[in-house]
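Visitor: Below is the structure I would like to discuss, written out as structure tokens.
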Amino acid sequence: MSDYKHIVCPHCVAVNRIPTTRLADKPQCGKCHKVLFAAHPTELTNNTFGKFIGRNDIPVVVDFWAPWCGPCKAMAPAFEQAAAQLEPTVRLAKLNTETEQGIAAQFRIQSIPTIALFRNGQEIARQSGALGTADIVRWVRASC
Ligand SMILES: [Zn+2]
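First residue of the sequence shown? That's 248 in the working numbering, and the numbers climb one at a time after it.
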């Protein structure tokens with residue numbers, strides 16, 4: 248177990264090296280000085296997805312969604328609340344499959360909402376269908 252974790256800033260995508268014991272102390276980004284964990288899912292794009300998934304030393308859960316998807320919108324508040332419960336041991340993020348189609352195609356997202364858990368750049372679990380906060384948290388903890 249390393250004493251440091253690399254955490255990708257959700258605001259400027261800089262890679263920060265944070266002592267593991269300090270993760271829960273509201274650490275700030277060394278580059279943009281914003282709080283690294285703000286209990287809010289990070290919006291990813293085609294440009295930031297690879298770095299965010301690959302460089303974070305904590306697991307990243309991505310909610311693949313689209314603006315036209317009713318169940319996705321219904322799940323959004325639950326996903327937001329799950330972020331507050333799972334940070335800073337897990338990072339939650341969202342990918343808009345309508346605007347970021349390259350990533351959606353690369354991961355063969357067939358139906359939305361789909362949440363997928365990545366560790367060290369590898370997908371290790373996937374779940375389709377809308378979930379409530381408790382079920383999201385339970386699924387993530389069981390999958391990590
Ligand atoms: Zn930053």
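Glycine included, every Cβ here is placed at the ideal spot set by N, Cα and C.
1. Are there any heavy atoms of ligand 1 lying less than 8 Å away from the beta-carbon of A261, as far as the coordinates show?
2. Taking the runs of the beta strand (DSSP E) that are 3 residues or longer, which of them lie wholly in the region 333 to 375?
3. Taking the alpha-carbon of K278 as reference, which of T336, E327, P324, H258 has the nearest alpha-carbon?
4. Using a threshold of 9 Å, state whether the C-beta atoms of V282 and V308 are closer than that.
5. Looking at ligand 1, does it come within less than 8 Å of C319, judged from the CB to the closest heavy atom?
6. Could you pull out every residue in the same chain whose Cβ sits closer than 6 Å to the Cβ of P339, ignoring the five residues on either side in sequence?
7. Verify the contact flag: K273, CB atom, against every heavy atom of ligand 1, threshold strictly below 8 Å.
8. According to DSSP, simplified to helix, strand and coil, what is K252?
9. Here's the rule: buried if 16 or more other CB atoms are within 10 angstroms of the residue's CB, otherwise exposed. What is C290?
10. P324 and L364: beta carbons closer than 9 Å?
11. When every heavy atom of ligand 3 is checked, does at least one fall within less than 8 Å of the C-beta of K281?
Guide: Taking the geometry as given:
1. As a first step, residue 261 is located in the sequence shown; it is residue number 14 there, counting from the start. Yes.
2. 338 to 343, 361 to 366, 369 to 375
3. If you number the sequence shown from 1, residue 278 lands on position 31. Nearest option by C-alpha distance: H258.
4. To locate residue 282, count along the sequence shown from 1; it is residue 35. To locate residue 308, count along the sequence shown from 1; it is residue 61. Not in contact: V282 and V308 (Cβ atoms no closer than 9 Å).
5. Reading the sequence shown from its first residue, position 72 is the one you call residue 319. False, no ligand heavy atom lies under 8 Å from that Cβ.
6. Along the sequence shown, one-based indexing puts residue 339 at 92. In the sequence as presented, Pro is not what sits at residue 339; that position holds Leu. Only P288, V308, A330 meet the Cβ criterion.
7. Walking along the sequence shown from the start, residue 273 turns up at place 26. No.
8. What you label residue 252 is simply residue 5 of the sequence shown in a count that begins at 1. Residue state, collapsed to three classes: strand.
9. In the sequence shown, the residue the question calls residue 290 occupies position 43. According to the sequence provided, residue 290 is Glu. The question's Cys does not apply to it. Flag for E290 reads exposed.
10. The count along the sequence shown starts at 1 and reaches residue 324 at position 77. The count along the sequence shown starts at 1 and reaches residue 364 at position 117. Result no, Cβ atoms of P324 and L364 do not sit closer than 9 Å.
11. You won't find ligand 3 in this model; what it holds is ligand 1.
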